[in-house]
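Remarks on the structure that follows.
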Amino acid sequence: MFASFTQIKNSITHLRIGDWLVIAISSVLVVYLFQHLWSHEHAAKVQIRVGDKVHATYDLNLARHVQVTGALGEAVIHIAHGKARFAKSPCHNQYCVHQGWLNHSGQAAICLPNQISLELIGEKKPYDTLNY
Amino acid sequence: MQIQTTSDDHRIAKLAAFAIALHMVEALLPSPLPGVKPGIANIVTLYVLLRYNFATAAWVSILRVFASSLLLGQFLSPTFALSLSGAILSLGVLGLAVHLPKRYFGAVSLSILAAFAHIGGQLLVVRLWLIPHASVAYLIPVFALAALVFGLINGLITAQLINKHQRHDQ
Amino acid sequence: MRKWLTRLLLIALLALGLFTLRSFQQAPLHHSQSYVFGTLVDISIVGETDERAAVLSNHILRDFQQLHQQLHAWKTDKQGKPSELGKLNSAFAQGNAPINLSLQLANMLEDAQALSSQSQGLFNPAIGHLISHWGFHKDEFAAIEIDEAKIASLVKDKPSMADIVIKNHTAYSNNPQVKLDLGGYAKGYALDMAAHYLRQQQVNNALINIGGNIIAIGKNGDKPWRVGIQHPRNPSAIATLDLDDGWAIGTSGDYQRYFMRNSKRYCHIIDPRNGYPVQHTQAVTVLIPPHNKAGVLSDVASKPIFIAAPADKPQAAAKLGITHFMVIDAESNVVITQAMAKKLNWSDANFEKNHHVRVIHTD
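Protein chains in written order, with the numbering used here: chain A, 1 to 132; chain B, 1001 to 1170; chain C, 2001 to 2363.
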């Protein structure tokens, strides 16, 4: 009783104008849903910058300790369970370490003296730049 | 004791039995993603709606949900609730959509609209009852895509069946 | 009829295709980050080739570097020579003999004088000795022993921008205690300089962020540039807002440069009236409408509002013509003008709900 593939093809040619309209509108809806509901997800990756260069980008879900050498010396960055933080830094004031865990897309921790920054990046950035 | 049955009843019973069979086959098939199913039993509902009338389609659909869940031992379980809410919402939409001009809207339109209503009903139950605090938002696009794809395929199959039947009648 | 409908459908599908394409296609954005000015400089340029954007960004960064060296309040260059500002400060300390200065610096000082008098001295770049005394004239500052007598005497010296006399490319000070620190002015000046340069180079869409002070040119694709406002205590944004063409935003916060002493926070923003770091405010954000000095104002205007006592803040803002501002006080209460509140989208539920947002009007 099931229609064969050629028969299905045949029925595609018999689709009516309203059918096409429904298909088109539904497709727009699906695209829209993907764009809007998949954009506010937790951050997926952490981008580490040293000076003006991107040093590396890591998946946030793979736990690891990363050692990065900045202008002053070696900093240690911890990544685990969708979060990232400065764990150790050779800088004097330790503002970067005190920032603690970052877990949302767009969040950043910057170590000015050591010139290392962490930025969490997700599907979509909630903002283009940060005012601080 | 004998219950008087009409030919309508027989028709409903036969078609519902067929829908139940499809439902069971689908229940046995593995699903790539929990909750994402082609819903081939809906082909029967659609076919009945277009060949006969809304009332028959509603009977077939609801009978199918109850009987299948009894047979699978899922009666009054969450799976049953999902199945029923999906069926009721998609019947509601079909009841409205059947009034669309036939010249422009065929089985495919009805099938896609019903499929969206179906996942809409299911997600509603998930959100309100099953896991009220969990975020199901990010699942919506996946379900919507499945509704579009399977709604389209089921609609094409139904259209083919109806065509065949009409040719047969002539 | 049918043909007509088919055509309509084709158009609809075409529109759909374009819509989908457009939503997935990102306008080419060139993004660069650099450490200049003792802070992070972040430049985004849209709609230019990567090569041209890189050339433009590098040009801006070189200008910034030069300005930084010219205005550095405590560092000497590689040959051990002081900056132009350093020389000026030594001359001021030695007496009132006029010293030559560049046209650029003369213009900056005149502008800073005007803003200082407009703010009734709350914006006071002449208190370099006080800032230095609090230990903020070092890359690595630490908690200091508070010397009340010394602070009192530095305040009593009354260093003021009005003490400086600028004439024919020369300057002298009537008060030897004047020591210029343009830390609250230079970043804003650099923003205006960069925005002016990019517009001159026909760049229509860019975003420049110097250590948190931001100016927008055009848009990011089909959307306005979106800016997040930093939470004063957490590494997250409390709100976002769209920065339209020509607008600038700046924040003064007690979290930017500070030290802790006996679990009290001492930040780099010092009240020139008593010589002590301000402790009643966590952050002040100002939003500046398009203006050829929007960058400078975004840097300068937040300071007097930050320093003024809570009750005097609206007045301090009004003196500088600021209509869009937000204050977060020591208890994390938010006071915001209606004009600014209209532009903000809260992203921090605590600030939005649990904190009392008092809307004040400025007319």
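In this text, a Cβ means the ideal position worked out from N, Cα and C, and glycines have one as well. Model, not experiment: these values are computed from the prediction.
If we call anything under 9 Å between Cβ atoms a contact, is residue i one with residue j?
i: D2181(C); j: V2296(C); result: no
i: Q2177(C); j: K2150(C); result: no
i: L21(A); j: A1159(B); result: no
i: I2307(C); j: D2271(C); result: yes
i: V1048(B); j: L1015(B); result: yes
i: I2336(C); j: I2288(C); result: no
i: L1096(B); j: G18(A); result: no
i: P2232(C); j: W2134(C); result: no
i: L2241(C); j: K2343(C); result: yes
i: A2186(C); j: L2109(C); result: no
i: Y132(A); j: G2212(C); result: yes
i: A943(B); j: G1151(B); result: With chain B covering 1001 to 1170 only, the question about residue 943(B) has no answer from this structure.
i: A1146(B); j: V1036(B); result: yes
i: I1162(B); j: R1051(B); result: yes
i: N2100(C); j: K2179(C); result: no
i: F2092(C); j: H2068(C); result: no
i: G2246(C); j: H2196(C); result: no
i: G100(A); j: G70(A); result: no
i: S26(A); j: A1027(B); result: no
Since residue i contacts residue j with CB under 8 Å, what's their CB separation in whole angstroms?
i: V1044(B); j: A1019(B); result: 4 Å
i: E2140(C); j: H92(A); result: 4 Å
i: Y2035(C); j: Q115(A); result: 5 Å
i: L120(A); j: H104(A); result: 6 Å
i: A56(A); j: A80(A); result: A56(A) to A80(A), Cβ: 16 Å. No contact.
i: A2216(C); j: L2243(C); result: 4 Å
i: F2384(C); j: G2184(C); result: Given a span of 2001 to 2363 for chain C in the structure shown, any question on residue 2384(C) remains unanswerable.
i: C96(A); j: A84(A); result: With 8 Å as the limit, C96(A) and A84(A) do not qualify as a contact, their Cβ atoms being about 12 Å apart.
Could you list which residues in chain A have their beta carbon closer than 8 Å to that of residue i, in chain order?
i: G1106(B); result: H14, L15, R16, G18, D19
i: T2285(C); result: N131
i: N1154(B); result: Under the 8 Å cutoff, chain A gives no residues; its nearest Cβ is about 11 Å from N1154(B).
i: N1042(B); result: Those within 8 Å of N1042(B) in chain A number zero; the least Cβ separation is about 14 Å.
i: I2045(C); result: The premise fails here: I2045(C) is roughly 12 Å from chain A at the closest Cβ pair, so nothing lies under 8 Å.
i: T2251(C); result: N131, Y132
i: G2212(C); result: L130, N131, Y132
Against residue i, what residues of chain A qualify as contacts under a CB-to-CB distance less than 9 Å, listed in chain order?
i: K2227(C); result: The sequence as given places Val at residue 2227(C); Lys does not occur at that position. Within 9 Å Cβ-Cβ: Y127, D128, T129, L130, N131.
i: I2215(C); result: Near I2215(C) there are no residues of chain A at all, since even the closest Cβ is about 10 Å away, more than 9 Å.
Give me whichever residues DSSP pairs with residue i in a beta bridge.
i: T2251(C); result: T2285(C)
i: V76(A); result: Q67(A), K88(A)
i: L120(A); result: V46(A)
i: W2225(C); result: L2243(C)
i: R2261(C); result: K2264(C)
i: T129(A); result: V2227(C)
Alpha carbon to alpha carbon, how far is residue j from residue i? Give it in angstroms, no decimals.
i: Y58(A); j: Q2282(C); result: 33 Å
i: T2170(C); j: I2249(C); result: 33 Å
i: V1060(B); j: S1090(B); result: 13 Å
i: I2238(C); j: L112(A); result: 22 Å
i: T2039(C); j: I2210(C); result: 7 Å
i: H2031(C); j: I77(A); result: 23 Å
i: M2001(C); j: L29(A); result: Legend: pLDDT at M2001(C) = 46, less than 50; position of this residue unreliable, value from coordinates given subsequently. So the alpha carbons of these two residues sit roughly 28 Å apart.
i: P2304(C); j: L130(A); result: 22 Å
i: G1086(B); j: S89(A); result: 55 Å
i: A2318(C); j: S2057(C); result: 35 Å
i: Y2172(C); j: S2116(C); result: 17 Å
i: E2048(C); j: Q2202(C); result: 10 Å
i: D2050(C); j: V1142(B); result: 36 Å
i: T1056(B); j: A1117(B); result: 19 Å
i: L2014(C); j: C2267(C); result: 58 Å
i: D1008(B); j: G122(A); result: 57 Å
i: L2198(C); j: V2334(C); result: 35 Å
i: A3(A); j: P1038(B); result: Only weak support exists for where A3(A) lies, its pLDDT of 48 falling under 50; the coordinates are left without a value.
i: L1123(B); j: I1140(B); result: 8 Å
Determine the chain C residues that contact residue i at a beta-carbon separation under 8 Å, and present them in chain order.
i: S117(A); result: Q2033, L2040
i: Q107(A); result: P2235, S2236, A2237
i: G51(A); result: S2034, Y2035
For residue i, return the contacting residues in chain B, with the cut-off set at a CB-CB distance below 9 Å.
i: F86(A); result: In chain order: nothing, as chain B lies at least about 29 Å away.
Can you list the residues of chain C that residue i reaches, using a CB-CB cut of under 7 Å?
i: I110(A); result: L2040
Residues of chain B with a CB under 7 Å from the CB of residue i: which are they?
i: L33(A); result: I1140, P1141, A1144
What in chain C is Cβ-close to residue i, meaning under 9 Å?
i: Q99(A); result: N2234, P2235
i: L102(A); result: P2235, S2236
Find the residues of chain A that neighbour residue i, judging by a C-beta separation of less than 7 Å, and give them in chain order.
i: D2139(C); result: P113
i: I2328(C); result: By Cβ distance, chain A contributes nothing, its closest Cβ being about 13 Å from I2328(C), past 7 Å.
i: Q2230(C); result: L130, N131, Y132
So that I know if they touch, is there some Cβ in chain E lying closer than 9 Å to that of residue i?
i: S89(A); result: Absent here is chain E; the protein component of the structure consists of chains A, B and C.
Under 8 Å Cβ-Cβ, which residues of chain B neighbour residue i?
i: V30(A); result: P1141, A1144, L1145, L1148
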